[in-house]
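Student: Okay, here's the structure, questions in a sec.
Protein chains: 2
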Amino acid sequence: MKTPSSLGELVEALRCLPGVGPKSAQRMAYHLLQRDQQGARRLADALSLALERIRHCEKCNSFAEEAVCALCQSPRRDASLLCVVETPGDLLMMEQAQCFQGLYFVLMGSLSPLDGIGPRDIHLDHLIRRAADGMVREVILATNFTVEGEATAHYVGELLRTKGLKVTRIARGLPVGGELEHVDSGTLAQAVIERREA
Amino acid sequence: MKTPSSLGELVEALRCLPGVGPKSAQRMAYHLLQRDQQGARRLADALSLALERIRHCEKCNSFAEEAVCALCQSPRRDASLLCVVETPGDLLMMEQAQCFQGLYFVLMGSLSPLDGIGPRDIHLDHLIRRAADGMVREVILATNFTVEGEATAHYVGELLRTKGLKVTRIARGLPVGGELEHVDSGTLAQAVIERREA
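Structure below.
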């Protein structure tokens, strides 16, 4: 049986979504056409609108509709602190933790030579210009504690230190409420190595 | 931090996809904007095209771009056999099994009074007209063996029998390669009840 071509194309197109394989894509296409044509129309419009409007903030490099995003424009943020994160999602997590009043720079990725992602791809030129604005005193590296995130933090740290900036890294250790019995040994070892005076 | 509105709308719109919650929707939106704008463009276009082109085949009620789909038009299918399935995906599974040379009718759902899905919603008027074309001799009910699928098969079966049609149901039993030790007891019990001469 031949699938109608526009349906086949929709199934193929849905596979650009992360984590969506052929089976899910088919289920999604059938669902949209059979039960939620309004949702499908809305999704098509939202995709077009976002593609047209979303760009990168000139200061923090995160997604924005304006040249400079609302957060970077806020007079209530501490312009002497710059926190470097990998993704807009990480920025959101930082904001939800309500522990940081400075500004951000979003790399939009992490160094990963095996995937062909080098310094240019994570906007390091842009970061260096941003950090050298004369206001920033301390750069806090909040990339993930994965191999890529650690490599990125190391590379970025070296680079910024040569520019005379204070560079710090968020702490590793046991999670809040964490029990020694249930934490992995790598985390426990780091928590011991990075112990501080009580 | 305020998310740009067109990004927020895209995240919301992605949630119309089955199995996509707020976290996945955000991940998908970021992925599309950051890494696959071409894929996003293609998806928007594919959605619009499918919405515009896809309709229901006048004979089998499955998705089609033509008034009557290619399968229903094929002269090589046996018009005396009509197989009733719940979804276009089920039709595809039947075709892949290469066990059936007749024609299909796709209900586009199953009876589910609790969800407000009644006989009208699964196109039973259409099915009765289709089955009464003078060519169909036997209707094979291939709805799922779920509560809804069984109820649907029972209801549809009763209805078609009153029209003088032969009505059959696909068999339940152990799967091919199935071992008694690993099959659920409900399936085993049915396999015993529906035993046939060896």
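So the protein sequences, as listed, match chains L and F. For the first sequence, the residue numbers in the working numbering are 1 to 198. For the second sequence, the residue numbers in the working numbering are 1001 to 1198. Each residue gets a CB set at the ideal place from its N, CA and C atoms; glycine is no exception.
Less than 7 Å between CB atoms is the rule here; does glutamine 1190(F) satisfy it with respect to chain L?
Tutor: Sequence index remark: in the second sequence, residue 1190(F) carries index 190 (1-based). Not one chain L Cβ lies under 7 Å of glutamine 1190(F).
Student: Could you list the residues in the stretch 1036-1066 of chain F with a C-beta less than 7 Å from some C-beta on chain L, going in chain order?
Tutor: Asp1036, Gln1037, Gly1039, Ala1040, Arg1041, Arg1042, Leu1043, Ala1044, Ala1046, Leu1047, Ser1048, Leu1049, Ala1050, Leu1051, Arg1053, Ile1054, Phe1063, Ala1064 and Glu1065
Student: Enumerate in chain order the residues of its own chain whose CB-to-CB distance from histidine 1123(F) is below 7 Å, with the five nearest sequence positions on each side excluded.
Tutor: Stepping through the second sequence from its first residue, residue 1123(F) is reached at position 123. Cβ within range, chain order: Asn1061, Leu1107 and Met1108.
Student: Taking the alpha-carbon positions, what's the arginine 188(L) to arginine 169(L) distance?
Tutor: Along the first sequence, one-based indexing puts residue 188(L) at 188. Along the first sequence, one-based indexing puts residue 169(L) at 169. Sequence check: residue 188(L) is leucine here, not arginine. Cα to Cα, leucine 188(L) sits roughly 18 Å from arginine 169(L).
Student: Sort Arg172(L), Val136(L) and Glu138(L) by Cα distance to arginine 195(L) and report the nearest one.
Tutor: Taking the first residue of the first sequence as position 1, residue 195(L) is located at position 195. Considering only alpha carbons, the answer is Arg172(L).
Student: What are the boundary residues of the beta strand (DSSP E) that arginine 169(L) is part of?
Tutor: For this step, residue 169(L) is matched to residue 169 along the first sequence. From DSSP, the beta strand (DSSP E) with arginine 169(L) extends over 166-169.
Student: Return yes when the Cβ of leucine 1082(F) is within less than 7 Å of the Cβ of leucine 1111(F), no when it is not.
Tutor: Against the second sequence, residue 1111(F) aligns to sequence position 111. Against the second sequence, residue 1082(F) aligns to sequence position 82. For leucine 1111(F) and leucine 1082(F), no; Cβs fall outside 7 Å.
Student: Using a Cβ cut-off of 8 Å, pull out every chain L residue sitting near glycine 1089(F), in sequence order please.
Tutor: Position 89 of the second sequence, counting from 1, holds the residue named residue 1089(F). Residues of chain L passing the Cβ test: Gln26, Arg27 and Tyr30.
Student: Measure the C-alpha to C-alpha separation of threonine 143(L) and cysteine 1072(F) and round it to an integer number of angstroms.
Tutor: Position 143 of the first sequence holds residue 143(L). Position 72 of the second sequence holds residue 1072(F). Distance between the alpha carbons of threonine 143(L) and cysteine 1072(F) is about 57 Å.
Student: Show which residues of chain F have a CB atom less than 8 Å away from the CB atom of alanine 13(L).
Tutor: Stepping through the first sequence from its first residue, residue 13(L) is reached at position 13. By Cβ distance, chain F contributes Gly1039, Arg1042, Leu1043, Asp1045, Ala1046 and Leu1047.
Student: Do alanine 1040(F) and leucine 51(L) come within 7 Å of each other at the CB atom, strictly closer than that value?
Tutor: Taking the first residue of the first sequence as 1, we reach residue 51(L) at position 51. Taking the first residue of the second sequence as 1, we reach residue 1040(F) at position 40. Yes, the Cβ-Cβ distance between leucine 51(L) and alanine 1040(F) is below 7 Å.
Student: Please report the straight-line C-alpha distance between glutamine 1101(F) and aspartate 1125(F), rounded to a whole angstrom.
Tutor: One-based indexing of the second sequence puts residue 1101(F) at position 101. One-based indexing of the second sequence puts residue 1125(F) at position 125. Taking the straight line joining both Cα atoms gives about 24 Å.
Student: Taking only runs of the beta strand (DSSP E) that begin and end inside the stretch 1047-1091 of chain F, which ones reach a length of at least 3 residues, in chain order?
Tutor: Runs of the beta strand (DSSP E) spanning 3 or more residues and lying entirely within the stretch 1047-1091 of chain F occur at 1078-1085, in chain order.
Student: First and last residue of the beta strand (DSSP E) that includes isoleucine 140(L)?
Tutor: Numbered from its first residue, the first sequence carries residue 140(L) at position 140. Looking at the DSSP string, the run of the beta strand (DSSP E) that includes isoleucine 140(L) is 138-141.
Student: Span of the alpha helix (DSSP H) holding leucine 1107(F)?
Tutor: The count along the second sequence starts at 1 and reaches residue 1107(F) at position 107. Taken as a continuous stretch (DSSP letters only), leucine 1107(F) belongs to no alpha helix (DSSP H), as it is neither H nor E.
Student: Is the Cβ-Cβ distance between aspartate 36(L) and cysteine 1099(F) less than 7 Å?
Tutor: Sequence index remark: in the first sequence, residue 36(L) carries index 36 (1-based). Sequence index remark: in the second sequence, residue 1099(F) carries index 99 (1-based). Taking 7 Å as the Cβ cut-off, aspartate 36(L) and cysteine 1099(F) do not qualify as a contacting pair.
Student: Is methionine 1108(F) close to chain L? Criterion is C-beta to C-beta, closer than 7 Å.
Tutor: Start at 1 with the first residue of the second sequence, and residue 1108(F) comes out as number 108. Judged by the 7 Å Cβ criterion, methionine 1108(F) is in contact with chain L.
Student: Check each candidate in Val192(L), Ile193(L), Gly8(L) and Ala198(L) and name the one with the smallest Cα separation from glycine 1089(F).
Tutor: Translated into positions along the second sequence, residue 1089(F) becomes position 89. With distances taken between Cα atoms, glycine 1089(F) lies closest to Gly8(L).
Student: Short of 9 Å Cβ to Cβ, which residues in the stretch 1109-1121 of chain F face chain L?
Tutor: Gly1109
Student: Please tell me whether leucine 1174(F) has its Cβ less than 7 Å away from any Cβ of chain L.
Tutor: Start at 1 with the first residue of the second sequence, and residue 1174(F) comes out as number 174. With 7 Å as the cut-off, leucine 1174(F) does not count as an interface residue toward chain L.
Student: According to the neighbour-count rule (16 or more other Cβ atoms, all chains shown, within 10 Å of its Cβ), is glutamine 1026(F) buried or exposed?
Tutor: Indexing the second sequence from 1 puts residue 1026(F) at position 26. Glutamine 1026(F) should be labelled buried.
Student: Name the one or two DSSP bridge partners that glycine 102(L) has.
Tutor: Working through the first sequence from its first residue, we reach residue 102(L) at position 102. Its beta-bridge partners are Asp78(L).
Student: In or out: isoleucine 54(L) buried (at least 16 other Cβ within 10 Å) or exposed?
Tutor: The residue given as residue 54(L) occupies position 54 in the first sequence. It is buried - the Cβ of isoleucine 54(L) has at least 16 other Cβ atoms within 10 Å.
Student: Taking 7 Å as the threshold (beta carbon to beta carbon), is glutamate 1009(F) in contact with chain C?
Tutor: This model lacks chain C altogether; the protein chains it does include are L and F.
Student: Taking its Cβ as the centre, do 16 or more other Cβ atoms sit within 10 Å of leucine 180(L), making it buried, or is it exposed?
Tutor: If you number the first sequence from 1, residue 180(L) lands on position 180. Classification for leucine 180(L): exposed.
Student: At the level of alpha carbons, what is the spacing between valine 183(L) and leucine 174(L)?
Tutor: Numbered from 1 along the first sequence, position 183 holds the residue referred to as residue 183(L). Numbered from 1 along the first sequence, position 174 holds the residue referred to as residue 174(L). Looking at the two C-alpha atoms, the distance is approximately 7 Å.
Student: Can you check DSSP and say which residues form a bridge with isoleucine 117(L)?
Tutor: The count along the first sequence starts at 1 and reaches residue 117(L) at position 117. Answer by DSSP bridge pairing, in chain order: Ser112(L).
Student: If you measure from the beta carbon of serine 1006(F) to each beta carbon in chain L, is any gap under 7 Å?
Tutor: For the purposes of this step, residue 1006(F) is taken as residue 6 along the second sequence, with counting starting at 1. Output row for serine 1006(F): interface = yes.
Student: Roughly how many angstroms lie between the CA atoms of glutamine 38(L) and lysine 1059(F), to the nearest whole one?
Tutor: For the purposes of this step, residue 38(L) is taken as the residue at position 38 of the first sequence. For the purposes of this step, residue 1059(F) is taken as the residue at position 59 of the second sequence. Roughly 25 Å between the two C-alpha positions.
Student: In this structure, does DSSP put valine 1192(F) in helix, strand or coil?
Tutor: On the second sequence, residue 1192(F) is found 192 positions in, with the first residue counted as 1. Of the three classes helix, strand and coil, the one that applies to valine 1192(F) here is helix, per DSSP.
Student: Check the Cβ-Cβ distances between glutamine 34(L) and every residue of chain F, and say whether any is below 7 Å.
Tutor: Residue numbering aside, residue 34(L) sits at position 34 when the first sequence is read from its first letter. By this cut-off, glutamine 34(L) is an interface position.
Student: Does chain F have any CB closer than 7 Å to the CB of leucine 82(L)?
Tutor: What you label residue 82(L) is simply residue 82 of the first sequence in a count that begins at 1. False, the Cβ-Cβ gap to chain F never drops below 7 Å.
Student: Please report the residue range of the alpha helix (DSSP H) in which glutamate 158(L) lies.
Tutor: Residue 158(L) sits at position 158 when you count from the first residue of the first sequence. That run of the alpha helix (DSSP H) goes 147-161.
Student: Taking 7 Å as the CB-CB cut-off, is leucine 1180(F) touching chain L?
Tutor: Position 180 of the second sequence holds residue 1180(F). At a cut-off of 7 Å between beta-carbon atoms, leucine 1180(F) makes no contact with chain L.
Student: Around the Cβ of serine 6(L), are there at least 16 other Cβ atoms within 10 angstroms (buried) or fewer (exposed)?
Tutor: Taking the first sequence and counting its residues from 1, one reaches residue 6(L) at position 6. Buried, because 16 or more other Cβ atoms sit within 10 Å of the Cβ of serine 6(L).
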